[in-house]
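Structure first, commentary second.
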Amino acid sequence: MSEAIHPSKSDAAPEWLRVVQNKVETLRYGVVQLVVHDGRVTQIERTEKTRIYSPSANSQDSAAL
């Protein structure tokens, strides 16, 4: 089920859209989640993950398999 997105009457993006764009652009790994009440965005949550890569730890994990 696809819903068409209609541009707003003004060229300026709504504040919530600017906030979402900023959160997505500054996020490397994670989730941006919108909370909607009565058809309006009321809350924006961002969960950021920090990934730690260690070549020696990865080789030990794969050896255990």
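Read left to right, the sequence shown gives residues 58 to 122 (this note's numbering). Just so it is clear, CB atoms sit at the ideal spot from N, CA and C, and this is done for glycine as well.
I'd like to confirm the pairing. Which residues does DSSP put opposite I109 in its beta bridges? Looking up residue 109 in the sequence shown gives position 52. Answer by DSSP bridge pairing: none, since I109 is not bridged.
According to DSSP, is R75 part of a helix, a strand, or is it coil? The residue labelled residue 75 in the question sits at position 18 within the sequence shown. R75 falls in the helix class under three-state DSSP.
If we call anything under 8 Å between Cβ atoms a contact, is V92 one with E102? The sequence position of residue 92 within the sequence shown is 35, counting from 1. The sequence position of residue 102 within the sequence shown is 45, counting from 1. Yes, they are a contact pair.
If you draw a straight line from the C-alpha of T107 to the C-alpha of L74, how long is it? Numbered from its first residue, the sequence shown carries residue 107 at position 50. Numbered from its first residue, the sequence shown carries residue 74 at position 17. If you take the alpha carbons of T107 and L74, they lie about 25 Å apart.
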